[in-house]
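A quick write-up on the structure given underneath.
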Amino acid sequence: KTGFDIKQRAGSIKVGLSEGKMHKIMMPYVCAEKASAEEEQQRLEESDKLSAEARDGYRCETSLNIFGLRVHGVLIDSGAMSNVITMGAICALSSLSEGGGFRKALRNCKFVDKQRARIVSGLGGKMMAVQGTIVLEIELRSKSVQMPFMLINEPSYSLIIGTPGLRALEFKLQSPLFGNVNFLVDP
9 KTGFDIKQRA GSIKVGLSEG KMHKIMMPYV CAEKASAEEE QQRLEESDKL SAEARDGYRC
69 ETSLNIFGLR VHGVLIDSGA MSNVITMGAI CALSSLSEGG GFRKALRNCK FVDKQRARIV
129 SGLGGKMMAV QGTIVLEIEL RSKSVQMPFM LINEPSYSLI IGTPGLRALE FKLQSPLFGN
189 VNFLVDP
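Numbering (our numbering), first residue to last: 9 to 195.
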């Protein structure tokens with residue numbers, strides 16, 4: 009079978025297609041099957057029915073004890089290659105009366121100089137410069153984990169546990185449909 013690696017990119021080429029151009033590109037493929045009108049109607053109805061399942065109303069979020077403070081709305085993202093916290097979130101947490109651990113972590117943050125700044129990208133290609141690395145202490149039951157986070161200069165309040173954090177917290181990402189392979193284990 010022919011494969012396609014979705015991670016392969018054509019450099020900095022930006023492709024912008026209007027709906028009309030996409031329709032023109034897709035039509036030969038759609039017409040090639042020459043399905044009957046009834047079969048086509050069935051496929052359209054099934055597609056309409058299943059399209060709601062393409063989006064999940066449930067956000068994969070949790071609450072964590074970080075420096076003794078219960079932090080809600082922590083996004084668990086198995087597609088993120090870094091743990092990320094925004095400047096808005098760390099400043100808000102540091103300003104709380106219970107935020108002493110966050111203030112200390114911010115003082116000990118390893119900031120990067122602008123010439124060596126790393127870039128992280130989000131879905132849709134939004135590029136963000138990493139301002140530094142900050143270590144937060146996450147407490148789970150009787151275990152304490154020192155977890156590094158990339159600090160991003162964004163005003164929003166976001167804290168994302170990516171694959172490094174999921175490994176540190178002993179998460180597993182597996183399914184019997186994929187032979188119970190744990191996708192969070194280092195290759």
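Think of the CB as a built atom: it goes at the ideal place given N, C-alpha and C, for glycine as much as any other residue.
Quick caveat: nothing in here was measured; it's all calculated off a predicted structure.
Handout entry: Local conformation of residue 182 per DSSP, three classes
Key = coil
Exercise for the section: Pull up the distance between the alpha-carbon of residue 164 and that of residue 91, whole angstroms please. Expected result: 16 Å
Handout entry: Own chain residues within Cβ distance below 6 Å of residue 167, not counting five before or after
Key = 82, 93, 97
Handout entry: residue 151 to residue 176 span [Cα, whole Å]
Key = 11 Å
Exercise for the section: Please go through the same chain and pick out, in chain order, the residues whose beta-carbon is closer than 8 Å to the beta-carbon of residue 181, but skip the five residues on each side of it. Expected result: 86, 174, 190, 191, 192
Practice task
Inspect the beta-carbon positions of residue 171 and residue 159 and report whether they are closer than 9 Å.
Solution key: no
Problem - Rounded C-alpha distance that separates residue 21 from residue 106 - result: Any reading at residue 21 must be qualified, since the residue scores a pLDDT of 43, below 50, and its modelled position is unreliable; no value is offered.
Exercise for the section: Find out if the Cβ-Cβ distance for the pair residue 109, residue 148 is shorter than 9 Å. Expected result: no
Exercise for the section: Find out if the Cβ-Cβ distance for the pair residue 128, residue 89 is shorter than 9 Å. Expected result: yes
Handout entry: C-beta contact flag for residue 153 and residue 145 at 9 Å
Key = yes
Handout entry: In DSSP terms, what residue 137 is bridged to
Key = 127
Problem - Endpoints, the alpha helix (DSSP H) within which residue 81 is located - result: No alpha helix (DSSP H) holds residue 81; the beta strand (DSSP E) holding it covers 77–84.
Handout entry: Span separating the alpha-carbon of residue 57 from that of residue 184
Key = 26 Å
Exercise for the section: Using DSSP bridges, identify the partner residues of residue 119. Expected result: 140
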